[in-house]
Amino acid sequence: MIQGAQGLVADKKGRGAGGGDRPSRRKKPGGPESHVANALKTAYEDAVREEVPDEFLDLLGKLS
């Protein structure tokens, strides 16, 4: 490992931050974890679309 400006980076042998000689595994699209990723994405999108309650806006206004 080499410590650089961006943190730990792979050395010339191509090993990442985890070390070892095994090649890194990439997640396959549609793999067993994809339903979890889709559920998290949907929950995040729903939360972002929600209106901010007036009580929270009042509290934020008092902080300014």
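32 is the number that my numbering gives to position 32 of the sequence shown; each next residue is one higher, with no gaps.
Virtual Cβ for every residue (Gly too), placed ideally from N, Cα, C.
Since the model is a prediction, treat every value here as computed from it, not as a measurement.
Residue i to residue j span [Cα, whole Å]
{"i": "residue 30", "j": "residue 40", "result": "15 Å"}
{"i": "residue 53", "j": "residue 42", "result": "21 Å"}
{"i": "residue 51", "j": "residue 36", "result": "25 Å"}
{"i": "residue 55", "j": "residue 34", "result": "37 Å"}
{"i": "residue 22", "j": "residue 38", "result": "29 Å"}
{"i": "residue 57", "j": "residue 26", "result": "43 Å"}
{"i": "residue 32", "j": "residue 59", "result": "42 Å"}
{"i": "residue 64", "j": "residue 48", "result": "23 Å"}
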